[in-house]
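Novice: Take the sequence shown: its position 505, counting from 1, is numbered 623 in this note's numbering, and each next residue is one higher. Cβ coordinates follow ideal geometry from the N, Cα and C atoms, glycine included. Here the structure is a predicted model, which is why all the values come from computation and not from measurement. Right, I'll just put the structure down here and ask away after.
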Amino acid sequence: MHKRLWAFVVSACLLLPLVVVPGSAYAYAEGSGGALDSVAVPMVLDSFERMVWESEGGAGGVEFLELVEDGENVVSIQTDVPAFSTFRYYAEGLIPGEVYMASVYVRGEDIALGEGREGDRPAVIYPGYVATSIEGLFGTFGWRRIETYFKADENGEKHVLLSLGYGSTLCTGKVWYKDLLIEQMGGVNQYTSGHVRLTFPDEDLMTDGEMIYEPEEIQSFTDDVNKIYDAYLDLTGYTPFDGAVIDCIAGNHYGAAMYAGNPIEMLGSGKDVLRGMPAVNFGLAHELGHDFDYEAWNFHGEMWANFKIAYAAEEYGVAIDGYDDGDFHELYMAHFKESFDNNFGDYNTGTCTFNHDGLMYHLLKIKDDIGWEPYKQTFRWFQEQDRAALPRDGAGIFELFISKLSQYSGKSIKWKYFPTPIWRACVDTNLQDGYTITIPDYDPTVIYSNTVTVHIEEPEESIDDPPPPPPLEDDSEYEEPIGPPPPPPIEDDPEYEEPEVVWSADMKLDTFDQLIWRNDGGGTVVFNEEAEGHGSGPSVSIENPASAYTQLRVQVTGLEPNEIYIASVYVKGEDITLVQSESDTGNKAAYLSFGLISTSEESLTGTFGWRKVSLIFKSFDNGERPLCLNLGSDRSPCTGKVWFDDLEVRPIAAENQYAAEHVRLSFMDSDLKTDGKLDYDPALIQGLVDDANLVYEYMEEFLGYAPYDGAQIDGVSGNYYQ
């Protein structure tokens, strides 16, 4: 969680010097040039600024008194109505950036929680966000010592508060304070390595004055925290706090378990932070990750804080508590994948609740394919830009980040790795956890469509949408294309010879099955029209005097099992009219097909001379495959007449086929060439196939299922007649 600012609004701001009480502990730190080492603060009214926040009732409900008890100065706070009441003391003359301990003695009478949460602390000492580490002091009790820890400001000052209640915790009762002491930390309580320094109270490290841990163990732990710092710097190229040492201070807090910043305020007890030694506490690594969040790229801080830990674990070998051997895959494959399945992964139902763990799961799977370098380049690119020219909302930053990641990796990340529901969940919900996106009439088998209408269901507590980002003036990558544009034609086409014919049809009646689906009239099929053939042999014609769907089917035999072939046939037409509704636009009139796959040429209608159409298909296990010659379809009947001739089957050319372990893609010449010249770099097509193979492996891992008994899956180009 990010560190939050808490401003105390008061009528006056009194900066009071430290006053040395005769006989109090006061000394100079060695080598500090006279800077304060420790001081006892006099408990007199003019040393403090007093503040009251009331829940109910008037100011008369709070009474401030100065008392003398056993010859010592004592200050008390009393209220009969729930309130937050505090004395604030400004410490001056501290060493800027050094860590200090503030301690005080406290006793209470009838202290009760009026408003707040279970576990809140009613009587506390705290500077900033770190409160006393002792459990809540309620009821009536005698004098006891409490302490907290803080880092001096750049000007060598710090305000320290003595309170009854704090923040949203409102209390009743009476509390007394005495013997406020401020001391500089050091010795076995403090460990430094490179860019980090860890500070612990005595109670975290000692029992009855004896060390619980070996100092060497804590130093090694600190060295690993510094390794994490180095890893984050290496990954992002960003240096937080201008390179200043980052302090990590153990203690308690009046908000979250830990806060990022400088200092990082660690969770309740240093024992909790050190319990996994030599592995580094996950929460500490996470908060340190927040310190490396740069506003320009930070579309989701919680996700990025965890993402950086993966880099430290994998590339720097830092062990993370709970994840053996620093194998961060075990983390995101188990815990984060569970979140993905329960939330982000629901895209198979057409709905998707955004969850940042699911997004991180995606980004780390992408990293497994493209490596870390494109991420490093993308992080650095953002830092080089004018911040005012970049998007300010999470969705805009996310889209731009993915675009730059595509550029530096040479792969279209959006197109390859983000099924539409997940992409829409990221963008349309503005990356807010808990938002649900629904895709009406969603077909889970079509996961890469990028045109969809969505409905967003907001959580119970509405989150205001941020203002739209300013337009980009100098970055053409902001609008992400569905796929990479084709490169210019390649002029040095390799020598190409069309493979030999392995099967052909003689266009006679006994070669075909005649199939007719009538709409308003039957189709007529005529064989052996030699005079009208394209070649030397006969042709076959289909005529529909009224709207009909007429089909001839031929069984191709003698092929290699499960291999890819190209079938071609010559076709000419006369007065062909396609009868279709608006919803059926794009259907074919005269075409060659198998199953739902038809020739890729535009629909052949009207009157035209002989032209060649082709189709790629895969043979069955028995080396056979039925092919069909068609006039019309079951949804779009036709009228008119069509001739077919010279039906032939050839193996696919090696130059038209690209394969990886689990997938193989096959293309016709017309898909890859213009005027005999290649339109695409073969390496680019192979990269596409490699990406498709990665998607296969990802889905197999995600679902735990390999289709077709693990057989290679073929992809063939063509069109559909529906």
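1. Would you mind working out which of 368, 644, 800 sits nearest residue 759, comparing C-alpha positions?
2. By the 10 Å Cβ neighbour count, where 16 or more other Cβ atoms means buried, how is residue 262 classified, buried or exposed?
3. Which of the three DSSP states, helix, strand or coil, is assigned to residue 536?
4. What does DSSP give as the partner residue(s) for residue 696 in the beta ladder?
5. Which one or two residues does DSSP pair with residue 635 in a beta bridge?
6. Does the separation of the CB atoms of residue 231 and residue 205 fall below 8 Å?
7. Kindly indicate which residue of 749, 712, 480, 507 has the alpha-carbon position closest to the one of residue 736.
8. Since residue 724 sits in a beta bridge, which residues does DSSP pair it with?
9. Is the Cβ-Cβ distance between residue 733 and residue 771 less than 8 Å?
10. What is the DSSP secondary structure of residue 572, reduced to helix, strand or coil?
11. Would you kindly check if the distance between the Cβ of residue 438 and the Cβ of residue 407 is under 8 Å?
12. Near residue 584, which residues of its chain fall below 8 Å by C-beta distance, leaving aside the five closest residues on each side in sequence?
13. Excluding the 5 residues flanking residue 519 on each side, which residues of the same chain have their C-beta closer than 7 Å to its C-beta?
14. Under three-state DSSP, which class holds residue 454?
15. Report the residue from 288, 292, 222 whose alpha carbon sits nearest the alpha carbon of residue 229.
16. Between residue 299 and residue 305, what straight-line distance do the alpha-carbon atoms span, to the nearest angstrom?
17. Report back the beta-carbon spacing between residue 697 and residue 755 to the nearest angstrom; my notes put them in contact at under 8 Å.
18. Kindly confirm or deny that the segment 722-733 and the segment 657-670 touch, where touching means at least three C-beta pairs closer than 8 Å.
19. Which of the three DSSP states, helix, strand or coil, is assigned to residue 411?
20. Check residue 508 in the structure and name its three-state DSSP category.
21. Is residue 410 buried or exposed, if buried means 16 or more other CB atoms sit within 10 Å of its CB?
22. Need the endpoints of the alpha helix (DSSP H) that residue 821 sits in, please.
23. What does the Cβ neighbour count give for residue 678, buried or exposed, with the cut at 16 atoms within 10 Å?
24. Pick from 379, 361, 358: whose alpha carbon is nearest that of residue 843?
25. Select from 556, 303, 746 the residue whose C-alpha is nearest the C-alpha of residue 714.
26. Around the Cβ of residue 792, are there at least 16 other Cβ atoms within 10 angstroms (buried) or fewer (exposed)?
27. Do three or more CB pairs link the segment 351-367 to the segment 320-327 at distances below 8 Å?
28. DSSP beta-bridge partners for residue 313?
29. Can you grab the Cα-Cα spacing for the pair residue 500 / residue 458, in whole Å?
30. Just the Cα atoms here: how many angstroms apart are residue 281 and residue 216?
31. May I ask which residues mark the beginning and end of the beta strand (DSSP E) holding residue 832?
32. What do you get for residue 517, buried or exposed, if any count of 16 or more other CB atoms within 10 angstroms of its CB means buried?
33. Does the Cβ of residue 425 have 16 or more other Cβ atoms within 10 Å, making it buried, or fewer, making it exposed?
34. Using the Cα positions of residue 277 and residue 266, report the straight-line distance between them to the nearest angstrom.
35. Determine whether the beta carbon atoms of residue 227 and residue 349 lie at a separation below 8 Å.
Specialist: Answer, in terms of the structure:
1. On the sequence shown, position 641 is the one that residue 759 refers to. Answer by Cα proximity: 644.
2. The sequence position of residue 262 within the sequence shown is 144, counting from 1. Residue 262 should be labelled exposed.
3. For the purposes of this step, residue 536 is taken as the residue at position 418 of the sequence shown. Coil.
4. The residue given as residue 696 occupies position 578 in the sequence shown. Answer is 756, bridged to residue 696.
5. In the sequence shown, residue 635 corresponds to position 517, counting from 1. The partner list for residue 635 (beta bridge, DSSP) reads 667.
6. Position 113 of the sequence shown, counted from the first residue, corresponds to residue 231. Position 87 of the sequence shown, counted from the first residue, corresponds to residue 205. Contact: no.
7. The sequence position of residue 736 within the sequence shown is 618, counting from 1. That would be 712, whose Cα lies nearest to the Cα of residue 736.
8. Numbered from 1 along the sequence shown, position 606 holds the residue referred to as residue 724. Paired residue(s): 694.
9. Within the sequence shown, numbered from 1, the residue matching residue 733 stands at position 615. Within the sequence shown, numbered from 1, the residue matching residue 771 stands at position 653. Contact: no.
10. For this step, residue 572 is matched to residue 454 along the sequence shown. Residue placement at residue 572 cannot be trusted, given a pLDDT of 39 that sits under 50; what the coordinates show is reported in the next sentence. Coil at residue 572, not helix or strand.
11. Walking along the sequence shown from the start, residue 407 turns up at place 289. Walking along the sequence shown from the start, residue 438 turns up at place 320. No, the Cβ-Cβ distance between residue 407 and residue 438 is not below 8 Å.
12. On the sequence shown, position 466 is the one that residue 584 refers to. The pLDDT assigned to residue 584 is 43, lower than 50, so where the model puts this residue is not dependable, and the model offers no usable value.
13. For the purposes of this step, residue 519 is identified with residue 401 of the sequence shown, where counting begins at 1. Cβ neighbours of residue 519 beyond the five flanking positions: 415, 417, 496.
14. Stepping through the sequence shown from its first residue, residue 454 is reached at position 336. Of the three classes helix, strand and coil, the one that applies to residue 454 here is helix, per DSSP.
15. Here residue 229 refers to the residue found at position 111 when the sequence shown is read from its first residue. Selected option, being the one with the closest Cα: 292.
16. For the purposes of this step, residue 299 is taken as residue 181 along the sequence shown, with counting starting at 1. For the purposes of this step, residue 305 is taken as residue 187 along the sequence shown, with counting starting at 1. Between residue 299 and residue 305, the C-alpha separation is close to 18 Å.
17. Working through the sequence shown from its first residue, we reach residue 697 at position 579. Working through the sequence shown from its first residue, we reach residue 755 at position 637. Confirmed, about 5 Å.
18. no
19. For the purposes of this step, residue 411 is taken as the residue at position 293 of the sequence shown. Note: residue 411 maps to coil in three-state DSSP.
20. Reading the sequence shown from its first residue, position 390 is the one you call residue 508. Residue 508: coil per DSSP, three-state reduction.
21. As a first step, residue 410 is located in the sequence shown; it is residue number 292 there, counting from the start. Answer is buried; the Cβ neighbour count reaches 16.
22. As a position in the sequence shown, residue 821 is number 703, starting the count at 1. Its alpha helix (DSSP H) spans residues 800-821.
23. The count along the sequence shown starts at 1 and reaches residue 678 at position 560. Residue 678 should be labelled exposed.
24. In the structure as shown, the chain starts at 119 and stops at 840, and residue 843 therefore has no counterpart that could be examined.
25. Taking the first residue of the sequence shown as position 1, residue 714 is located at position 596. Ranking the options by Cα distance to residue 714, first place goes to 746.
26. Within the sequence shown, numbered from 1, the residue matching residue 792 stands at position 674. That one is exposed.
27. no
28. Residue numbering aside, residue 313 sits at position 195 when the sequence shown is read from its first letter. DSSP output for residue 313 lists no bridge partner at all.
29. Numbered from 1 along the sequence shown, position 382 holds the residue referred to as residue 500. Numbered from 1 along the sequence shown, position 340 holds the residue referred to as residue 458. Their backbone Cα atoms lie some 28 Å apart in a straight line.
30. Residue mapping note: residue 281 aligns to position 163 of the sequence shown, counting from 1. Residue mapping note: residue 216 aligns to position 98 of the sequence shown, counting from 1. About 24 Å.
31. Numbered from its first residue, the sequence shown carries residue 832 at position 714. Residues 831-834.
32. On the sequence shown, residue 517 is found 399 positions in, with the first residue counted as 1. The residue in question, residue 517, is buried, as its Cβ has 16 or more Cβ neighbours within 10 Å.
33. Locating residue 425 in the sequence shown gives position 307, where the first residue counts as 1. Flag for residue 425 reads buried.
34. Walking along the sequence shown from the start, residue 277 turns up at place 159. Walking along the sequence shown from the start, residue 266 turns up at place 148. Each residue's alpha carbon lies about 13 Å from the other.
35. Residue 227 sits at position 109 when you count from the first residue of the sequence shown. Residue 349 sits at position 231 when you count from the first residue of the sequence shown. Their beta carbons are not under 8 Å apart, which means residue 227 does not touch residue 349 by this criterion.
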